[in-house]
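S.K.:
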Amino acid sequence: MNRKTIAELLLDIKAVTINVEAPYHYSSGIISPIYCDNRLIISCLEERKVIVDTFLEIIDTLDTAPDVIAGTATAAIPFAAWVSSRLDLPMVYARSGQKGYGKEHRVEGTLTAGQKVLFTEDLVTTGGGVLKAVEDVIKFDVDVIGVVTIFEYGLPAATEGFGKADLPKWSMADFVTVLDVMSERGELSDDDREIAMDWQSDPRAWGGKMGFE
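First residue of the sequence shown: -13, per the working numbering; consecutive thereafter.
#1: Unbroken beta strand (DSSP E) runs of length 3 or more, entirely within the stretch 30 to 89: which are they?
#2: Based on DSSP bridge pairs, tell me the residues matched to Thr3.
#3: My assumption, with CB atoms under 8 Å, is that Leu230 sits in contact with Pro52. Please give the rounded CB distance.
#4: Taking the C-alpha atoms as reference points, what is the distance between Phe137 and Ala99?
#5: Starting from Gly95 and walking both ways along the beta strand (DSSP E), at which residues does that stretch end?
#6: Checking 8 Å against the spacing of the C-beta atoms, do Ala1 and Cys22 come in under that value?
#7: Can you tell me whether Glu173 is buried or exposed? The criterion is at least 16 other CB atoms within 10 Å of its CB, across all chains shown.
#8: When you compare the stretch 148 to 155 with the stretch 113 to 120, are there three or more beta-carbon pairs, one atom per stretch, that lie closer than 8 Å?
#9: Assuming Lys18 and Trp185 form a contact by the criterion Cβ under 8 Å, report the distance between their Cβ atoms to the nearest whole angstrom.
#10: With distances taken Cα to Cα, identify the nearest neighbour of Ala80 among Gly194, Glu43, Asp74, Arg92.
#11: For Leu(-5), list the residues DSSP reports as bridge partners.
#12: From which residue to which residue does the alpha helix (DSSP H) around Asp184 run?
#13: Whole angstroms are fine: how far does the CA of Met(-13) sit from the CA of Thr40?
#14: Output the boundary residues of the alpha helix (DSSP H) element that contains Met168.
#15: From the DSSP output, read off the bridge partner residues of Gly155.
#16: Would you list the one or two residues that DSSP bridges to Thr106?
#17: Taking C-alpha atoms, which residue in Ala8, Ala59, Gln101, Gly132 lies nearest to Phe126?
#18: I'd like to know whether the C-beta atoms of Thr112 and Leu141 end up nearer to each other than 8 Å.
#19: Could you compute how far the alpha carbon of Asn24 sits from the alpha carbon of Ala159?
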């Protein structure tokens, strides 16, 4: 796997964009110079194949083979479906909240005690969403062996969260690699790169520091 190749792919289809002058507002309240929308991948056939192939490449290196592929609703569901189909494995997905009708399941699909479950994820920001999904899946007495994500911001909160959960995480590309590629292409000045890196070190304080709050 070449992290630079994946970063270039995400930039080429505009799944990842950076704007330090007109930053993005996350639902978490964080103001950020970077935005990642990996849902765009589902409409890009060649790029989609590269991403799914890379999921499989990473999975092939794991010490423990999964019995089940899991995804988080909704953005990671397509990737979980494609990966599980290629591996000929069952799939489940975890909702962000309990369904308010029918059987009110948080986890859709069937799990059996003792199974090895691997999560596929499109993006890790703070990690809160997928770590909550892992907690919900573990209630079925299964073993979650890790999370493979397409992209991660490399935020301290995610590092801390995965560390506390003692859960391995693998990513195809990350924030710093994207900045490296943009710098090489002449799409990001040294000053803007420094501003973006400042966000990564303290994302919640960055917006106020830059005068965007």
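Virtual Cβ for every residue (Gly too), placed ideally from N, Cα, C.
M.R.: On the basis of the supplied data:
#1: 54 to 58, 77 to 80
#2: As a first step, residue 3 is located in the sequence shown; it is residue number 17 there, counting from the start. Answer is Tyr21.
#3: Limits of the chain in this structure are -13 at one end and 199 at the other, which puts residue 230 out of reach.
#4: The residue labelled residue 137 in the question sits at position 151 within the sequence shown. The residue labelled residue 99 in the question sits at position 113 within the sequence shown. Rounded to whole angstroms, Phe137 to Ala99 spans 30 Å at the Cα level.
#5: For this step, residue 95 is matched to residue 109 along the sequence shown. Counting along the chain, Gly95 falls outside any beta strand (DSSP E), and DSSP gives it neither H nor E.
#6: Residue 1 sits at position 15 when you count from the first residue of the sequence shown. Residue 22 sits at position 36 when you count from the first residue of the sequence shown. Yes; because the gap between Cβ atoms is below 8 Å, this pair is in contact.
#7: Taking the sequence shown and counting its residues from 1, the one referred to as residue 173 is at position 187. Under this definition Glu173 is an exposed residue.
#8: yes
#9: Within the sequence shown, the letter at position 32 stands for residue 18. Within the sequence shown, the letter at position 199 stands for residue 185. The residue asked about is misnamed: residue 18 is Ser in this sequence, not Lys. Between Trp185 and Ser18 the Cβ distance is about 6 Å, and since that is below 8 Å, they are a contact.
#10: Walking along the sequence shown from the start, residue 80 turns up at place 94. Of the listed residues, the one whose Cα sits closest to Ala80 is Arg92.
#11: By 1-based counting over the sequence shown, the position of residue -5 is 9. Answer is none; Leu(-5) lacks a bridge partner.
#12: For this step, residue 184 is matched to residue 198 along the sequence shown. Note, Asp184: alpha helix (DSSP H), 176 to 187.
#13: Taking the first residue of the sequence shown as position 1, residue 40 is located at position 54. Taking the first residue of the sequence shown as position 1, residue -13 is located at position 1. Distance between the alpha carbons of Thr40 and Met(-13) is about 7 Å.
#14: The residue labelled residue 168 in the question sits at position 182 within the sequence shown. Note, Met168: alpha helix (DSSP H), 161 to 171.
#15: Your numbering for residue 155 matches position 169 in the sequence shown. The residue you asked about is not Gly; residue 155 is Lys in the sequence shown. In DSSP, Lys155 forms a bridge with Val133.
#16: Here residue 106 corresponds to residue number 120 of the sequence shown, with the count starting at 1. Gly57, Val134.
#17: For this step, residue 126 is matched to residue 140 along the sequence shown. Answer by Cα proximity: Gln101.
#18: Here residue 112 refers to the residue found at position 126 of the sequence shown. Here residue 141 refers to the residue found at position 155 of the sequence shown. Cβ distance < 8 Å, so Thr112 and Leu141 count as in contact.
#19: As a first step, residue 24 must be located in the sequence shown, where it is residue number 38. As a first step, residue 159 must be located in the sequence shown, where it is residue number 173. Going from the Cα of Asn24 to the Cα of Ala159 covers about 12 Å.
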